[in-house]
Amino acid sequence: MKVEFLIPKLSFLTPGKTLFLNYMPDNIIHGLVILPSLMGGKIDPYVPNFKVADTFQIVSRDTDLVSSRDRALQASEALSVTLPENLKAASINQSSWKDICIVSCRPIQEPIVFPRPLDGAWESSVNFSINWYELDQDDA
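Letter by letter, the sequence shown follows residues 7 to 146 of my numbering.
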């Protein structure tokens with residue numbers, strides 16, 4: 007999944023300051039990162055453009071445990087999709103990419119709080135299951 011498509015759904019965060027993709031710098035103490043699946047999206051040989059049960063993860067970091075968990079819950083609500091929703095590549099400045107349709111996206115567990123590391127920040131993680139496909143120009 008190209009997690010960049012999820013940026014507009016998290017409009018309460020600021021890309022590069024409180025919202026990151028693939029990696030969050032160690033010096034960020036109030037932020038959230040979206041991590042794509044390490045396994046990549048499954049490809050069905052009969053319907054190769056439809057990604058079923060693809061996954062991604064968010065991790066929220068904060069100096070306060072409750073704030074970390076609350077931001078993870080807020081992001082979970084913002085990222086949840088129960089009815090098909092088209093997302094435009096142009097909204098993330100990727101004009102060469104095809105638009106996508108998210109059929110469904112849901113968290114698959116409550117936030118998991120990691121043990122507090124030595125730097126004092128708390129991290130809360132949520133894993134998601136997402137079903138999506140790239141739109142043809144006729145569908146967009």
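Even for Gly, the Cβ is constructed at its ideal location relative to N, Cα and C.
Cβ pair residue i, residue j closer than 8 Å
i       : j       : result
Leu-93  : Asp-105 : yes
Ser-135 : Ala-59  : yes
Ile-35  : Leu-27  : no
Val-119 : Leu-71  : yes
Glu-129 : Ser-74  : yes
Val-87  : Ser-110 : yes
Ala-81  : Leu-38  : yes
Cys-107 : Leu-141 : yes
Lys-57  : Trp-138 : yes
Pro-51  : Met-7   : no
Leu-19  : Leu-12  : no
Thr-69  : Gly-22  : no
Delimiting residues of the alpha helix (DSSP H) encompassing residue i
i      : result
Arg-75 : 71-85
Closer than 8 Å to chain C by CB, residue i
i      : result
Asn-92 : Among the protein chains of the structure shown there is no chain C, as only one such chain exists.
Paired residues, beta bridge with residue i - DSSP
i       : result
Arg-67  : Gly-37, Glu-129
Thr-20  : DSSP output for Thr-20 lists no bridge partner at all.
Thr-61  : Ser-135
Ile-118 : Ser-131
Pro-42  : Phe-62
Asp-50  : Val-53
Glu-140 : Ile-106
Any non-hydrogen atom of the ligand ADP within 7 Å of residue i CB
i       : result
Leu-141 : As for the ligand ADP, it is missing from this structure, which has no ligand bound.
Extent of the continuous beta strand (DSSP E) run through residue i
i       : result
Leu-27  : 25-27
Arg-112 : 106-113
Asn-92  : 91-93
Would you call the segment 55-74 and the segment 94-103 touching, i.e. three or more CB-CB distances under 8 Å?
-> The segment 55-74 is not in contact with the segment 94-103.
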